[in-house]
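Under the working numbering, read the sequence shown as residues 15 to 500, first letter to last.
All C-beta atoms in this analysis are idealised placements derived from N, C-alpha and C, irrespective of residue type, glycine included.
Data block below; observations after.
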Amino acid sequence: MDELMAQRVRKLEALRAAGRDPFTWTKFPRTHTAAEIHQRFDELDGQRVAVAGRVMARRGHGKAAFIDVWDHTGRIQIHVTVDSVGEADYEGLDLCDIGDHAGVHGTVFRSKRGEISVRAERFDIISKAVRPLPEKFHGVQDAEIRHRQRYLHLIMDPEARDHFVRRSRMTAAIRRLLDGQGFIEVETPMMQVLHGGATARPFVTHHNALDIDLYLRIAPELYLKRLIVGGFDRVYEMNRNFRNEGMDKDHSPEFTMLELYAAYWDFADIADLTERIVCEAAQAVAGALVVPFGGHEVDLTPPWRRVTMDQALLQYVGVSLDDISTDESARRVADAHGVCPDGPVTSATVLNKLFDTRVQPNLIEPTFVTEYPVAVSPFAKRKPDQPDLTQRFEAFIAGQETANAFSELNDPLDQRERFEEQALRRLAGDEEAQPFDEDFVRALEYGMPPTGGLGIGIDRLFMLLTNTDSIRDVILFPHTRPVQDA
């Protein structure tokens, strides 16, 4: 224990010796927050209140002190004098450190300098910080400390707390919209016998009682569609997914996804809903539909631009879907354009790599890219007039993928064939290909109505709306490599 901590521990011992152990407080009868006192000053001026929060600054000397107390709504100044609290209690302020939690009973007034304050009649230390905070109140500048010790970041930087409050407002706004549209929120398994619903590598765990391996879900899709089969017309889930992949500014192994499904809708209906969801989220976070991101001013006002996958490839790469329709032709295109897919070089992997690196960065204004090939859309319904393509879109904003949606495949025979094709890809070495889910096919055999489905990455949407360039800055406790405590 260093000397500063030792000093604080000695103060704690002194408080205990005086019968004022801060850790015996089980609650504090707070009547008002800091923000309420500021907002309702005319009504509360001269009234007694009880406030509580963390001590973050102290000024003054002699027989009067001003102490800044912060709660979750902001700062309130506390004026403490020998006359107001008594000599013994005033001297006890020497046992109060920056970082301690204080409970204050007193009267609202405006100081000589015009600041709304509380004149303390009783000042209690109700929790002791035995570890000192950083010396200067300028926030935590080191990114690694911000991510590893988020609690310290939140203490020192009120804007960080507001950042995550806005995230909560965003998800609440999305839920209100969906609830108002007749959707119900459900929960589906986090641990699954088969991972499915997305193209990703799963985390594996073991269930001791059943003696089987289970997978942390990469997506809730196949369970949500089982609910559509079961008679729920509109369902959604906003919860965590897990993917055992690389970590960078856009990817986290644990992230929040909104997935929803609506019976009797198609992907065009879902596109309209997607625009509404993003606009509601923008109003909740930014209070506007024009938001800055990465050096761009992005106007989210509907309707959004629509372009087919083939048109996008021709515009930005100069090749068409026909040019990469087979694995052999895809290899030639990959060589010609200097792209190297992860894993086997197939028409699907080359298409994904070309799109991700050559097309997506150009999609600045909100854009729906439609008509994806079946090879990269194992759960999307085919276009009746072009069966090699699907009724699917992905939404891109400021070069970022924001949403993925289908007219859902509900033909069990077609779904079985696509699972078989995915199984062959797995045998060829594609670890991210879909495993064959016999029970899901069985569910489709009982009949699923025409259905539209949507997935939106909540973390990435919040990044967009707050002009944040790293996903770790929109997740309260992002994963980091463990370090040995000093």
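{"Item": "I need the DSSP call for Pro507, collapsed to helix, strand or coil.", "Value": "For the chain, the structure presents residues 15 to 500; residue 507 sits outside this window and is missing."}
{"Item": "Would DSSP call Val63 helix, strand or coil?", "Value": "strand"}
{"Item": "So is Phe476 buried or exposed if we call it buried at 16+ other beta carbons inside 10 Å?", "Value": "buried"}
{"Item": "How would you write the range of the alpha helix (DSSP H) that Tyr104 sits in, first residue to last?", "Value": "Glu101 to Glu105"}
{"Item": "Along the beta strand (DSSP E) that carries Asn253, what are the first and last residues, could you check?", "Value": "Arg248 to Phe256"}
{"Item": "Run through DSSP, which three-state label would Pro216 get?", "Value": "coil"}
{"Item": "Specify whether the segment 393-408 and the segment 297-312 touch according to this definition: at least 3 beta carbon pairs, one from each stretch, less than 8 Å apart.", "Value": "no"}
{"Item": "Assign His13 to one of three DSSP states: helix, strand, or coil.", "Value": "Beyond the ends of the chain as shown, which are 15 and 500, falls residue 13; an answer cannot be given."}
{"Item": "Return the Cβ separation of Ile188 and Leu272 in integer angstroms, given the expectation that the two are a contact with Cβ distance under 8 Å.", "Value": "7 Å"}
{"Item": "Among Thr87, Ala66, Asn366 and Leu314, whose alpha-carbon lies nearest the alpha-carbon of Leu335?", "Value": "Asn366"}
{"Item": "When burial is assigned at 16 or more other CB atoms within 10 Å of the CB, is Ser182 buried or exposed?", "Value": "exposed"}
{"Item": "Please list, in chain order, all residues of the same chain as Leu236 whose beta carbon is under 7 Å from its beta carbon, the five residues on each side excluded.", "Value": "Gly210, Gly211, Asp451 and Phe454"}
{"Item": "Among residues of its own chain, excluding the 5 on either side of Thr501, which ones have a beta-carbon nearer than 6 Å to its beta-carbon?", "Value": "Summary: the structure shown does not reach residue 501, with the chain confined to residues 15 through 500, and so no result is reported for it."}
{"Item": "Taking the alpha helix (DSSP H) that Glu452 belongs to, which residues open and close that run?", "Value": "Glu452 to Glu459"}
{"Item": "So, with DSSP's three-state summary, where would you put Ala350?", "Value": "helix"}
{"Item": "Which stretch, first to last residue, makes up the alpha helix (DSSP H) that contains Ala48?", "Value": "Ala48 to Gln53"}
{"Item": "What span of residues does the beta strand (DSSP E) with Leu230 cover, start to end?", "Value": "Ile226 to Leu230"}
{"Item": "Which residue from Val144, Thr482, Arg175 and Ile90 puts its Cα closest to that of Val118?", "Value": "Ile90"}
{"Item": "Helix, strand or coil, according to DSSP, for Ala120 in the structure here?", "Value": "Checking the sequence shown, residue 120 turns out to be Gly, not Ala. Three-state result, Gly120: strand."}
{"Item": "Quick check on the burial criterion: 16 or more other C-beta atoms within 10 angstroms. Buried or exposed for Val23?", "Value": "exposed"}
{"Item": "For a quick check, are the C-beta atoms of Thr371 and Tyr386 less than 8 Å apart?", "Value": "no"}
{"Item": "State buried or exposed for Lys239, treating a residue as buried only when at least 16 other CB atoms are found within 10 Å of its CB.", "Value": "buried"}
{"Item": "Give a yes or no on contact between the segment 273-292 and the segment 431-448, applying the rule of three or more CB pairs nearer than 8 Å.", "Value": "no"}
{"Item": "One question on the structure: do Val249 and Phe197 come within less than 8 Å of each other, judged by their Cβ atoms?", "Value": "yes"}
{"Item": "Find out if the Cβ-Cβ distance for the pair Gly60, Asp85 is shorter than 8 Å.", "Value": "no"}
{"Item": "Please state the DSSP three-state secondary structure of Ala559.", "Value": "This structure gives no information on residue 559, because the portion of the chain shown stretches from 15 to 500."}
{"Item": "Going by CA-CA distance only, name the one from Glu342, Asp16 and Ala285 that's closest to Thr384.", "Value": "Ala285"}
{"Item": "Counting only runs of 4+ residues fully inside the segment 266-354, write out the alpha helix (DSSP H) ranges in chain order.", "Value": "281-299, 323-330 and 341-351"}
{"Item": "Go ahead and pull the three-state DSSP assignment for Val23.", "Value": "helix"}
{"Item": "Taking the CB atoms as reference points, tell me whether Thr512 and Val63 lie closer together than 8 Å.", "Value": "The first residue shown for the chain is 15 and the last is 500, placing residue 512 beyond what the model contains."}
{"Item": "For Gln206, write down the residues that DSSP places opposite it in a beta bridge.", "Value": "Tyr229"}
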